[in-house]
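Counting from 112, one number per residue, gives the positions in the sequence shown under the numbering used here. Ideal Cβ placement from N, Cα and C applies to all residues, glycine included. Accompanying notes for the structure given below.
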Amino acid sequence: MTKEQPPESNKFGGDASLCPHGNFAGSGCEACAREQKEQSQPALKEIESLVEKSSFTRSTTASPECTIERSGKTFTIESIEQADHPDIDKIQAMMVKAFSEEEVEPEEIMRSAIEGKDPWGHECVPLRYYTVKDEQGEVLAFCSGGLLDMKDTAGKSTGESVFLTTFAMTDKDKGVLGATYEAYISAIIGAAQEAQAQGKKLSFVAGPTEASSEKFWNATGWKRIYADTSSGDQKSLRELKYVEPSLDFDPATGEPTSDQAVYEHLMVQAFGDRQITKENVRSITQAYSDWSEWPENAFDSPEAYARSQEYMRSTREQLQSELNRGGELTFLNQRERQRAIRHGSTVDEHVDADRELNY
Ligand SMILES: [Zn+2]
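This is the structure:
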């Protein structure tokens, strides 16, 4: 005969059940509420750790819009969601200063993208900008991107999303150390809230990046993608040779307008228990490719549209064959890569992405 277990008791001698934090079940334990929220939206935990590493004091993580303070100076972070927002021309000016006039979208296209409209009047995923401003209202830094739906190979939504960043930058002259990092934290807060409102999980954040920004992205938790290409005793890794699909086409021919491929280091981070598998990388890049596609009425003829579709298909195939090379994926930051090399691994890096682009 087994001994009967005594009913669960607490320090008051009662038999009410307790949560793992020692509070009465149903008593509104804050730790329980936080754990439950983090489970449904794993990016929230990452936000906490980003904020811990910050050199600023943030007024709240309940909204992307907040104030941040350091050594007596206060800055404001805003989420730009209105096409008539007065700061859009400031963002535009900052981009023109960093790149060049031709490389930057005209202001009216930026404005419609914020509203979730492509230049041909179709609905699309809205482009978000999170700006850091000083007390005079000057924009010092921003992070932009879109919350994209992830789909399986059959094109069915998986219930997960990826926030794809398009830019994270600081003003060349007015920039404040760490301001871009703060804009990025707000971008993740905003993306997690948007995903929650859509009934989805923000599972990944990703973006095509330039070589010089690896340190910044490593600090936020992003890593580059490598496939295991070891043979026998020789350990080796091969970085994913990512080519960004063209964002610009000739409407008459359907040909991409840039005559050279844009090689970038694709960097990613997974939230919670999500894994960065080949399938997840495929789904992330597919979402970005779908977002970049031009609709039929953007072209002068059905033939030109067909040509652009053919180009998009070939970039997806190229990426898929890249993903098919080598074994399991590994994710390394700069330090981890250097350690692997010191320990005898050979690393075939995506050197084409290290060339500085001349804008
Ligand atoms: Zn609890």
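Review point. For ligand 1, any of its heavy atoms closer than 7 Å to the Cβ of Asn134?
Key: The count along the sequence shown starts at 1 and reaches residue 134 at position 23. The answer is yes for Asn134.
Review point. Is Ser314 helix, strand or coil by DSSP?
Key: The residue given as residue 314 occupies position 203 in the sequence shown. It is a strand residue.
Review point. Should the stretch 268 to 283 be regarded as contacting the stretch 295 to 312, the criterion being three or more beta carbon pairs within less than 8 Å?
Key: yes
**Study point:** Residue span of the beta strand (DSSP E) that contains Ser357, given as start and end
**Key:** Indexing the sequence shown from 1 puts residue 357 at position 246. No beta strand (DSSP E) contains Ser357, which DSSP labels as neither H nor E.
Review point. CB-CB under 8 Å to Leu358, same chain, minus the five flanking residues each way: which ones, in chain order?
Key: Looking up residue 358 in the sequence shown gives position 247. Once the five neighbours on either side are set aside, the close Cβ partners of Leu358 are Ser403.
Check your understanding: Tell me which same chain residues have a C-beta within less than 6 Å of the C-beta of Asp282, skipping the five on either side of it?
Key -> Position 171 of the sequence shown holds residue 282. Cβ within range, chain order: Met205 and Leu251.
Practice item. Count the other C-beta atoms from every protein chain shown that fall within 10 angstroms of the C-beta of Pro118, then say buried if there are 16 or more, exposed otherwise. Key: On the sequence shown, position 7 is the one that residue 118 refers to. For Pro118, the predicted structure reports a pLDDT of 45, less than 50, and the residue's modelled location is therefore unreliable. The matter cannot be settled from this model.
Review point. According to the Cβ coordinates, are Lys312 and Gln152 closer than 8 Å?
Key: In the sequence shown, the residue the question calls residue 312 occupies position 201. In the sequence shown, the residue the question calls residue 152 occupies position 41. For Lys312 and Gln152, yes; Cβs fall inside 8 Å.
Review point. Do you know offhand how far Thr291's Cα is from Cys254's?
Key: In the sequence shown, residue 291 corresponds to position 180, counting from 1. In the sequence shown, residue 254 corresponds to position 143, counting from 1. About 7 Å.
Review point. Counting only runs that start and end within the stretch 401 to 446, where is the alpha helix (DSSP H) found for 4 or more residues in a row?
Key: 413 to 435
Review point. What beta strand (DSSP E) runs, 3 residues minimum, are completely inside the stretch 219 to 267?
Key: 239 to 244 and 250 to 262
**Study point:** Thr331 classed as buried or exposed, judged by whether at least 16 other C-beta atoms fall within 10 angstroms
**Key:** If you number the sequence shown from 1, residue 331 lands on position 220. Burial call: buried.
**Study point:** Own chain residues within Cβ distance below 8 Å of Val215, not counting five before or after
**Key:** For this step, residue 215 is matched to residue 104 along the sequence shown. Excluding positions up to five away in sequence, the list reads Gln203, Met206 and Val207.
Check your understanding: Who are the near neighbours of Asp339 in its chain, counting only those whose CB is closer than 7 Å to its CB and skipping five residues on each side?
Key -> Working through the sequence shown from its first residue, we reach residue 339 at position 228. Cβ within range, chain order: Leu348, Gly437, Gly438, Glu439 and Thr441.
Point to revise | Residues that DSSP places opposite Lys184 in a beta bridge | key: The residue you call residue 184 lines up with position 73 of the sequence shown. Arg181, per the DSSP bridge assignment.
Review point. So with Cβ pairs under 8 Å, would you call Ile158 a contact of chain B?
Key: Of the chains in the structure shown, none is chain B; there is only one protein chain.
Review point. In angstroms, rounded to a whole number, what distance separates the CA positions of Gln449 and Lys164?
Key: The residue you call residue 449 lines up with position 338 of the sequence shown. The residue you call residue 164 lines up with position 53 of the sequence shown. The alpha-carbon atoms of Gln449 and Lys164 are separated by roughly 23 Å.
**Study point:** Backbone CA spacing between Ala209 and Gly137 [nearest angstrom]
**Key:** Position 98 of the sequence shown, counting from 1, holds the residue named residue 209. Position 26 of the sequence shown, counting from 1, holds the residue named residue 137. Distance between the alpha carbons of Ala209 and Gly137: 54 Å.
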